[in-house]
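Working notes for the structure below.
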Amino acid sequence: MKFLHTADWHLGQTFYEYDRTAEHQAFLDWLKHTIEKEKIDVLLVAGDIFDTANPAASTVRLFYDFLNHISSQQPELQTFIIAGNHDSAIRLETPTPLLAGTNIHLVGQVKKTDDHQIDYEKLIYPVQQNNEPVACCVAVPFLRLGDYPKSDKGGYDYLEGITRFYEEILDEAKDIADGKPIIVMGHLHASGTDFSVNDTAERAIMGGIEGLSINTLAEKADYWALGHIHKPQAVDGNQHIRYSGSPVPLSFSEIDYPHQVVIFEVNQNKVQNIDSLLIPVDVPLINIPKNGYKDLESVLEEIRQLPEKELFDTKDYPYLQIRIAMNKPNPDIKPKIQQGIANKAVRLAKIDARMHISNDKMTLKKQPEIIDLQNINPKEVLKKSFENKYNQPLPDYYETMLNTILADIDQQKNQR
Numbered sequence: 001m002k003f004l005h006t007a008d009w010h011l012g013q014t015f016y017e018y019d020r021t022a023e024h025q026a027f028l029d030w031l032k033h034t035i036e037k038e039k040i041d042v043l044l045v046a047g048d049i050f051d052t053a054n055p056a057a058s059t060v061r062l063f064y065d066f067l068n069h070i071s072s073q074q075p076e077l078q079t080f081i082i083a084g085n086h087d088s089a090i091r092l093e094t095p096t097p098l099l100a101g102t103n104i105h106l107v108g109q110v111k112k113t114d115d116h117q118i119d120y121e122k123l124i125y126p127v128q129q130n131n132e133p134v135a136c137c138v139a140v141p142f143l144r145l146g147d148y149p150k151s152d153k154g155g156y157d158y159l160e161g162i163t164r165f166y167e168e169i170l171d172e173a174k175d176i177a178d179g180k181p182i183i184v185m186g187h188l189h190a191s192g193t194d195f196s197v198n199d200t201a202e203r204a205i206m207g208g209i210e211g212l213s214i215n216t217l218a219e220k221a222d223y224w225a226l227g228h229i230h231k232p233q234a235v236d237g238n239q240h241i242r243y244s245g246s247p248v249p250l251s252f253s254e255i256d257y258p259h260q261v262v263i264f265e266v267n268q269n270k271v272q273n274i275d276s277l278l279i280p281v282d283v284p285l286i287n288i289p290k291n292g293y294k295d296l297e298s299v300l301e302e303i304r305q306l307p308e309k310e311l312f313d314t315k316d317y318p319y320l321q322i323r324i325a326m327n328k329p330n331p332d333i334k335p336k337i338q339q340g341i342a343n344k345a346v347r348l349a350k351i352d353a354r355m356h357i358s359n360d361k362m363t364l365k366k367q368p369e370i371i372d373l374q375n376i377n378p379k380e381v382l383k384k385s386f387e388n389k390y391n392q393p394l395p396d397y398y399e400t401m402l403n404t405i406l407a408d409i410d411q412q413k414n415q416r
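Residue numbers (UniProt numbering): 1 to 416.
Dropping the structure here:
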């Protein structure tokens, strides 16, 4: 019996204001084809189906069209989809009544019993082949405050709570599975994972404290299908604990990530043949320069080497990030770059310009100070921001301009 594990679709994401519907549709088409080609029996989608809790109607339709396709064209496919931290748990479960009689299970919320206890059984599903149980799927959505047990002190400690949640649900699953393999789905940050600190999409969910120590739970399940971290990996070298990663790059921090799904089999009560299958990237990301930062003239020379526009439709053009090293503020950077790429087959996403200090090192942004907003001084904010960005004092003419603006504001206040 073959399983396919994927996660972190982030349908509806805009990339620096560029619409990505065509890329997401291309991935879903590839996934439908792969399910058929690889003869997949079970599809596991481990959260972050959508990029926001309130996706556009067109984005929701994209997801529903996919569900409709697999339910009508591949009715034997058993599908389990959990909510991630980007998803609305209630919204994800909305089409559930329409899916009655299908093999699609949408799990957004942790249900409670009449006496307000966690109903673990509602998250445990049989995986069947020829009407016989082959495995047990434990589908745990992203756990929010109140979903997990209270600590012994009576409050909600996140790390302690989710650890206890997984311990208790896996103990219950063991009794239900009756010796069959246990497949766990979760959307969480496991300790020991490798991810980019610069990627806002996959930063630690609760300030770095939510790294679940999964090693203590590793042997309680035969496979962990995880979502949230966009870099595909086996956690701490455990081949049966996997992040499938995102199907498309969601930021320039992911430019070198492989994009893939994980396929594995269950045979004779064992998980076997865990392997990955690469997803074709429809629209690549490009950095100029490829590594580090260069001066404006060097960057413009690399831009000249880019291919010329040939297609009127630009939706297949790569996204471009420009990284420039400066010795002093230069207002000509953006117009010169825009002029340089005007006839190039790229889409400009970001210009990252930084002050060059010495030894080819760039300035680092200082840790923001805690500021009393009631007593904030606009001049000081401008001075500090300028010094942090350009590593030099604010020029007098900028301060004069600000003084003029502030004087106008005061005059308007006095006239009210």
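Where is the CB? At the ideal position from N, CA and C, for every residue including glycine.
Everything numeric in this text was worked out from a predicted model, so none of it was measured.
Asked, Found
"Beta-carbon proximity check, I324 vs I303, cutoff 9 Å", "no"
"C-beta atoms of I49 and L77 nearer than 9 Å", "no"
"Residue span of the beta strand (DSSP E) that contains T52, given as start and end", "First-last for T52: undefined, no H or E at that position."
"Range covered by the alpha helix (DSSP H) that runs through Q239", "Q239 -> no alpha helix (DSSP H), and no H or E assigned at all."
"Integer-rounded CB distance, given that S244 should sit under 8 Å from V261", "6 Å"
"For L99, the nearest candidate out of L300, T113, N68 and F165 (CA to CA)", "N68"
"Residues bridged to Y148 [DSSP beta-bridge criterion]", "Answer is none; Y148 lacks a bridge partner."
"D313 versus A342: straight-line alpha-carbon distance, rounded", "15 Å"
"Residue span of the alpha helix (DSSP H) that contains Y126, given as start and end", "Correcting the residue identity first, residue 126 is Pro in this sequence and not Tyr. That residue, P126, is in no alpha helix (DSSP H); its beta strand (DSSP E) goes I124 to Q129."
"Rounded C-alpha distance that separates Q129 from E310", "51 Å"
"Length at least 3, wholly inside the segment 258-292: the beta strand (DSSP E) runs in chain order", "260-267, 270-278 and 285-288"
"Completely contained beta strand (DSSP E) runs for the segment 11-66, where each covers 3 or more residues", "42-46"
"CB contact flag (I104, I70, <9 Å)", "yes"
"Pairwise C-alpha distance: G146 and T94", "21 Å"
"Among F386, V281 and L43, nearest to M1 - alpha-carbon criterion", "L43"
"Contact check, L170 vs L212, beta carbons under 9 Å", "no"
"Nearest-angstrom Cα separation, counted from L296 out to L306", "16 Å"
"Alpha-carbon to alpha-carbon, P284 and L300", "20 Å"
"Cα-Cα separation between L394 and L402, rounded to whole angstroms", "11 Å"
"For A53 and R91, the rounded distance between their alpha carbons", "8 Å"
"Between the CA atoms of Q25 and I333 - distance to the nearest angstrom", "35 Å"
"P378 versus T14 - alpha carbon distance", "33 Å"
"Which listed residue (D87, V134, I255 and A139) has its alpha carbon closest to that of K111", "A139"
"Beta-carbon proximity of F3 to E265, cut-off 9 Å", "yes"
"Which of helix, strand or coil DSSP assigns to D352", "strand"
"Endpoints, beta strand (DSSP E) assigned at F80", "Q78 to I82"
"Beta-carbon gap between V281 and P232 smaller than 9 Å", "no"
"Test item: CB-CB of E168 and I124 under 9 Å", "no"
"Cβ-Cβ distance between Y257 and I286 below 9 Å", "no"
"Beta carbon of G161 nearer than 9 Å to that of G227", "no"
"Whether P133 touches T102 by CB criterion (9 Å)", "no"
"C-beta contact flag for A234 and Y16 at 9 Å", "no"
"DSSP-derived helix/strand/coil call for T193", "coil"
"Neighbour-count burial assignment, E121, 16 or more Cβ in a 10 Å radius", "exposed"
"Inter-residue Cα distance where the pair is P368 and P247", "Unreliable positioning characterises P368 in this predicted model, as indicated by a pLDDT of 40, which lies under 50. The coordinate reading is nonetheless provided below. In a straight line, the C-alpha of P368 is about 34 Å away from that of P247."
"Contact with chain D by L159, beta-carbon distance below 9 Å", "The displayed structure is made up of one protein chain only, and chain D is not part of it."
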